[in-house]
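K.L.:
In the order they appear, the protein sequences are chains A and B.
The numbering used here puts the first residue of the first sequence at 883, with every later residue one more than the last.
The numbering used here puts the first residue of the second sequence at 18, with every later residue one more than the last.
Ideal Cβ positions, reconstructed from N, Cα and C, are used throughout, including at glycine.
Keep in mind it's a predicted model, so treat the numbers as computed, not measured.
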Amino acid sequence: MRFYVTYLAQRLGQFLLVVFIGINLTYLITHLTPIDPVEQSIAAVTSFGNTSPEAIGAMRQSLRELYGLTGAPHEQYLAFWRRIATADFGPSLSAFPTPVSTLIARALPWTIGLLATATLLTWVLGNLLGGLAGYYQNKTSLKVLAIIAMGLHPVPYYIVAFVLLVMFGYLWPLLPIAGGKAMNLGDQLNLTIVLSILKHSILPALSLLLVGLGGWFLGMRSLVSNIVSEDYVVYAELAGVDRRRILTSYVMRNALLPQVTGLALSLGAIFNGAIITEQVFGYPGVGSLLVSGVYAGDYGLVLGVATVSIIGVSTAVLIIDLLYPLLDPRVRTA
Amino acid sequence: MRLKGTVLAAILCGGVGLATLPGAVAAQGLFANLPRNETLILENPEGTIKNAGWFNIWAINAGSQSNGLQQAALDTLWYIDPNRGLDGVWQNSLAADKPQYNADFTEMTVKLRPGIYWSDGVEFTAADVVHTVTTQIKHKNMRWSAALALNVEAVEAPDPHTVLFKLKKPNSRFHALFTVRWNAVWIMPKHVFEKVEDPLKFDFNKPVSLGAYVLHTFDPDGRWYIWRLREDWQRTTLARYGTPGPKYLAYVDPGPPDKRVIAQMNHELDVIHDVAPEGMFTLAKQSKSSVAWFKGFPYAHPDPTLPALIFNGQNELFKSRDVRWALALLIDIKAVSMASYRGAATISAIGIPPTGRHPESYHEPLQDWLANFELDTGKRKVKPYDRGIGQQIAEMLRPSMGDQIPSDPKAIAAAFGMGWWKADPQAAAELLEKAGFKKVGANWQTPDGKPFTVRVVVEGEARPVMTRAGSMIVEQWRRAGIDAKVDVAQGTLVTRRAAGDFDTLISWSVETWGGHQDLSFFLDSWHSQFVAPAGAPQPPRNWQRWSHPDLDKIIEEIRKIGFDDPKGIELGREYVKIAVREMPTIPLMSYNVFTVMDTTYWTGYPTAADPYTDPVPNWANSRAMFVKLKPKS
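#1: Do the stretch 232-240 of chain B and the stretch 126-134 of chain B touch if we need at least three Cβ pairs shorter than 8 Å?
#2: Ala553(B) by DSSP, collapsed to three states: which one?
#3: Assign Trp1098(A) to one of three DSSP states: helix, strand, or coil.
#4: Label Met159(B) either buried or exposed according to how many other C-beta atoms from any shown protein chain fall within 10 Å of its C-beta, with 16 as the threshold for buried.
#5: Just the chain B side, please: which residues come within less than 7 Å of Ala925(A) by C-beta, in chain order?
#6: For the beta strand (DSSP E) containing Glu1112(A), name the first residue and the last one.
#7: Applying the criterion that 16 or more other CB atoms from any shown protein chain within 10 Å of the CB defines a buried residue, is Phe885(A) buried or exposed?
#8: Going along the chain, which residues of the stretch 326-338 of chain B sit with their C-beta nearer than 8 Å to a C-beta in chain A?
#9: Using the Cβ count rule (16 or more neighbours within 10 Å means buried), how would you classify Gln555(B)?
#10: Please confirm if the stretch 357-376 of chain B is in contact with the stretch 551-570 of chain B, defined as three or more CB-CB distances below 8 Å between the two stretches.
#11: Unbroken alpha helix (DSSP H) runs of length 4 or more, entirely within the stretch 1132-1166 of chain A: which are they?
#12: Can you tell which of Ile586(B), Ala166(B), Thr142(B), Val644(B) has the C-alpha that lies nearest to the C-alpha of Thr152(B)?
#13: What residues in the stretch 1050-1069 of chain A bring their beta carbon closer than 7 Å to a beta carbon of chain B?
#14: Under 7 Å between beta-carbons, which chain A residues line up against Phe547(B)? List them in chain order, please.
#15: On the three-state DSSP scale, how would you describe Pro981(A)?
#16: So which residues on chain A does Leu51(B) lean against when the C-beta distance must stay under 8 Å?
#17: By DSSP, does Gln88(B) sit in helix, in strand, or in coil?
#18: With DSSP run on the structure shown, which of helix, strand or coil describes Ile571(B)?
#19: Mind checking whether Arg240(B) and Gly1061(A) have CB atoms under 9 Å apart?
#20: List the residues of chain B that Met941(A) touches, going by C-beta distances under 8 Å, in chain order.
#21: Can you list the residues of chain A that Trp71(B) reaches, using a CB-CB cut of under 8 Å?
#22: Going along the stretch 271-296 of chain B in order, which residues come within less than 8 Å of chain A, judged by CB to CB distance?
#23: Which class does Ala389(B) belong to by DSSP, given the choice of helix, strand or coil?
#24: With which residues is Thr602(B) paired in a DSSP beta bridge?
#25: Which chain B residues are close to Pro1166(A), counting only those with a beta carbon under 8 Å from its beta carbon?
#26: How would you list, in chain order, the residues of chain E whose beta-carbon sits under 9 Å from the beta-carbon of Tyr1177(A)?
#27: Pull up the CB-CB distance for Tyr618(B) and Asn54(B), whole angstroms please, since I reckon it's below 8 Å.
#28: For Ile523(B) versus Thr463(B), is the C-beta spacing smaller than 9 Å?
#29: What residues in the stretch 1018-1040 of chain A bring their beta carbon closer than 7 Å to a beta carbon of chain B?
#30: So, is Arg1126(A) buried or exposed, given that buried needs 16 or more other C-beta atoms within 10 angstroms?
#31: Name the one or two DSSP bridge partners that Pro651(B) has.
#32: Following the continuous alpha helix (DSSP H) through Leu59(B), name the residue where it begins and the one where it ends.
#33: Distance check for Glu377(B) and Ile1157(A), CA to CA, integer angstroms please.
#34: Does the contact criterion of 3 or more C-beta pairs under 8 Å hold for the stretch 1103-1120 of chain A versus the stretch 950-963 of chain A?
#35: Decide if Gly407(B) is buried, meaning its Cβ has at least 16 other Cβ atoms within 10 Å, or exposed.
#36: Ordered along the chain, which non-local residues of its own chain (more than five positions away) have a Cβ less than 8 Å from that of Gln45(B)?
If you want it as structure tokens, here you go:
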């Protein structure tokens, strides 16, 4: 127990340090960006309509004051940490005065809903099929599956996404190609909205599944292939233990540990959003939000999304670190 | 509650629909509960709106502009159509007549149209105009605060249908602030905003409408907005042109260009704002119901915007007009047209977009002057203008495009432009030598013996057509022995352009009304009084930071004359001549927008054959479409 308390304290310390450094780096990078949010706003306002050069000068100064960009750098930095301490990322500069936290809160559920489901589904299917393929190495159907997985795995994500778009959006127009749900469904949550969300999520989820499946499949197959030749597996087979029990309790359980680590990291990375997926499928989420924030020089928004992401990944690593001693006795004795 | 519901549903359901593949459904689920044959679906090029529930357009850059808000729900005093207009280019909208100035342009009186009502039943009066102005002057961080505060000494409403502006200094173009060219100062409802404590923090949701449509519903995630025709649309300014055809307008974010093409092929997007030339060609070949501005090649609508190669006038290398001219003569515009727009460009040799009423006022009358214009290379005099280049581009395209290419010279000029500068490497070399440059081996050196290096800043993937134009120019300059490089700015372009952080830049510093010959819209900003010192940010639009005493005089003359004074055209032509002689930017072509319209559900779109307005759907002027569109029977 004493070991575990010490271990917990060390890991918590690491977690806080990683979060602190990560957020500081993000702050530094966003404030070194060559994109000036004031110029972006002025360009948006003046790029088409009537513009008086004198008025623009006055507008520049007003916007600097409004966006809080007039203080000394150290004052801005301290103000930032004061806000972070209360989970307030300040107003979005490209959607002023709406708070960044409001924008993230609106986008995050879409990302979590899509990515968590797709990640878990891909992980379960990939590991299950990979485990079977590694154990039943002579089955033709599983060999075919392995070839398909190996074939799909290296294909760039965006190609798979575009093929799906053309197939199901144009050649066989069954599925929506953009958005999170159909237009004009009303405000109340009901079965129609749920079905519409499901329908809109099929293509992005399928694209993630097709590309992600191969990695888990091949990883698990490789791990299981090594374990099946271990003495305890051979002994169990010679002793007549049921093969399904050998596969689930002896082989896959042992092979699963590195895969669980990978799953935790993947789940943590969900908070980054799936930028390409969201862009290709016009899916509302934090990935799209991040891209728009970068292009607009919206420090607050980029910092907000990055901070959520840093905390998400760090928390996932922390949870795994804390669970590992419980799952693997070797960690406790290390 | 709505957000919570959506959130919950997203968490519960996102992605797990793999096992619930729906049965065959003809539509792809874009719509629900809307009659398709009563709905016009248009692209909002702003994409997905982060701040979806924000409709207070008087706050700077806080929400969407072209989600239908400015096209369907807002109104102001006047509109100038960039093309021919429904009943002429000038439209008195909320104003009953043109602006009336006093003799020295220090007062402007506006007579308002009676019988116009807000969508909540309150009558529109002069008090709304006064409130719009005073609110923005009082709150300095609003969208038009600076422009109004600089100009307006006082604004009064002597009666409910008259507004009197007293100006701080003479301004013969003050009315331009309230005249729509894409947008203008929109009139705010006094009865709503007078109850608001801080108009900067007020979202104006649900907006009270002064246009013919009112907000029906919108996506909290910002992907779509639906506007419904007001039951009392007869009490709006659009009513004088007839009955609006669509009962519903849906402004949507259809996604990247490939998805826009797919959506239109599936008849789920009636008006595409813009696609790459390749997308346009695909639709022209494969979608029989799709139409564009021109019936055939080059299809696109030429916006009154003039992409050009812009020199940084504060860079020592480009202070000599001989150098600027030499670089112009090293450009083969035909190759640039092919590389950028795949030939679908409308070229212009002069600093005015070849669109709207400009060709008849500027391009055509100046053809002889251009043909006789001479450049002194230091060794000889050359006449660089080739009036047949538009025709030559048409002939280059004819073998592959066949009947799509017009044969009538006037139609060719309208589609591809008139002449341009013929590529003349020999004259360019002589001009560079005249400016003190030397060619050592195959490469040019500056007068102080350094390699002649020129960076051409382009925007990158966000504006592929212009990026391809810049890349082709770099290629041509490199072939001539100049160390030219493409400098891809991506999202930093706006900041770098304002900061003057470029040698040369593919962008535009010329935008015009299109439908009106007055050039003050951009030209006033070219006065030397607005050129920022090196290192300081430059206000729009003189990105070249160039000025000339003769041009200052022209601008000052234009300020003294009325907007419709025919002398303005003469002064405009003088500007063109100075700009040709000095070449502060190398004009390339109009900004051609591949707006594609699907005729499956609607007919009566504006085209070059019936140019009653600009079809580009983010322009507020595009509201003219609503009354001309009729359901396809």
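P.N.:
In short, the structure shows the following:
#1: These segments do not touch.
#2: Against the second sequence, residue 553(B) aligns to sequence position 536. Ala553(B) falls in the coil class under three-state DSSP.
#3: Indexing the first sequence from 1 puts residue 1098(A) at position 216. When secondary structure is reduced to three states using DSSP, Trp1098(A) falls in the helix class.
#4: As a position in the second sequence, residue 159(B) is number 142, starting the count at 1. A residue is called buried once 16 or more other Cβ atoms fall within 10 Å of its Cβ, and Met159(B) is buried on that count.
#5: Reading the first sequence from its first residue, position 43 is the one you call residue 925(A). Near Ala925(A) (Cβ distances below 7 Å), the residues of chain B are Val511.
#6: For the purposes of this step, residue 1112(A) is identified with residue 230 of the first sequence, where counting begins at 1. Under the DSSP assignment, Glu1112(A) falls outside any beta strand (DSSP E); it carries neither an H nor an E label.
#7: For the purposes of this step, residue 885(A) is taken as the residue at position 3 of the first sequence. The residue is exposed, with fewer than 16 neighbouring Cβ atoms inside 10 Å.
#8: Residues passing the 8 Å Cβ filter: none.
#9: Counted from its first residue, the second sequence places residue 555(B) at position 538. With 16 or more other Cβ atoms within 10 Å, it is buried.
#10: By the Cβ test, the stretch 357-376 of chain B is not in contact with the stretch 551-570 of chain B, since fewer than three Cβ pairs between them sit closer than 8 Å.
#11: Counting whole runs of 4 or more residues, the stretch 1132-1166 of chain A contains the alpha helix (DSSP H) stretches 1135-1151, 1157-1162.
#12: Numbered from its first residue, the second sequence carries residue 152(B) at position 135. Looking at Ile586(B), Ala166(B), Thr142(B), Val644(B), the one whose alpha-carbon comes closest to that of Thr152(B) is Ala166(B).
#13: Residues passing the 7 Å Cβ filter: Gly1051, Tyr1052, Pro1055, Leu1056, Leu1057, Pro1058, Ile1059, Ala1060, Gly1061, Gly1062, Ala1064, Met1065, Asn1066, Leu1067, Asp1069.
#14: One-based indexing of the second sequence puts residue 547(B) at position 530. Result: Pro935.
#15: Numbered from 1 along the first sequence, position 99 holds the residue referred to as residue 981(A). Here Pro981(A) sits in strand by DSSP.
#16: Taking the first residue of the second sequence as 1, we reach residue 51(B) at position 34. Within chain A, the residues near Leu51(B) are Met1065, Asn1066.
#17: What you label residue 88(B) is simply residue 71 of the second sequence in a count that begins at 1. The answer is helix: DSSP assigns Gln88(B) an H, G or I state.
#18: The sequence position of residue 571(B) within the second sequence is 554, counting from 1. Correct three-state label for Ile571(B): helix.
#19: The count along the second sequence starts at 1 and reaches residue 240(B) at position 223. The count along the first sequence starts at 1 and reaches residue 1061(A) at position 179. Note that the C-beta distance between Arg240(B) and Gly1061(A) is below 9 Å.
#20: On the first sequence, residue 941(A) is found 59 positions in, with the first residue counted as 1. Under the 8 Å cutoff, chain B gives Ile77, Ser162, Ala163.
#21: Along the second sequence, read from residue 1 onward, the residue named residue 71(B) stands at position 54. For Trp71(B), the C-beta contacts it makes with chain A under 8 Å involve Ala977, Thr980, in order along the chain.
#22: Only Pro271, Gly272, Pro273, Asp275, Lys276, Ile279, Ala280, Met282, Asn283 from the stretch 271-296 of chain B bring a Cβ to less than 8 Å from some Cβ of chain A.
#23: Taking the second sequence and counting its residues from 1, one reaches residue 389(B) at position 372. According to the sequence shown, residue 389(B) is Asn rather than Ala. In the three-state reduction of the DSSP assignment, Asn389(B) falls in the helix class, which pools H, G and I.
#24: The sequence position of residue 602(B) within the second sequence is 585, counting from 1. Partner(s): Ile327(B).
#25: On the first sequence, residue 1166(A) is found 284 positions in, with the first residue counted as 1. In chain order: Thr65, Asp238, Gly239, Arg240.
#26: Given the protein chain composition of this structure (A and B), no chain E is represented.
#27: Along the second sequence, read from residue 1 onward, the residue named residue 618(B) stands at position 601. Along the second sequence, read from residue 1 onward, the residue named residue 54(B) stands at position 37. The Cβ separation is near 6 Å, so the contact holds.
#28: Working through the second sequence from its first residue, we reach residue 523(B) at position 506. Working through the second sequence from its first residue, we reach residue 463(B) at position 446. Contact flag unset, no.
#29: Of all residues in the stretch 1018-1040 of chain A, none has a C-beta nearer than 7 Å to a C-beta of chain B.
#30: Here the question's residue 1126(A) lines up with position 244 in the first sequence. Exposed: under 16 other Cβ atoms inside 10 Å.
#31: Given that chain B is displayed from residue 18 to residue 650, the structure contains no residue 651(B) and the question cannot be resolved.
#32: Here residue 59(B) refers to the residue found at position 42 of the second sequence. First-last for Leu59(B): 56-60, but that is the beta strand (DSSP E), not the alpha helix (DSSP H).
#33: Here residue 1157(A) corresponds to residue number 275 of the first sequence, with the count starting at 1. Here residue 377(B) corresponds to residue number 360 of the second sequence, with the count starting at 1. Cα to Cα, the separation comes out at about 48 Å.
#34: Contact fails: fewer than three Cβ-Cβ distances are below 8 Å.
#35: Mapped onto the second sequence, residue 407(B) falls at position 390. When all chains shown are included, Gly407(B) counts as buried.
#36: Locating residue 45(B) in the second sequence gives position 28, counting from the first residue. With a pLDDT of 46 at Gln45(B), under the threshold of 50, the predicted position of this residue should be treated as unreliable, and no value is reported.
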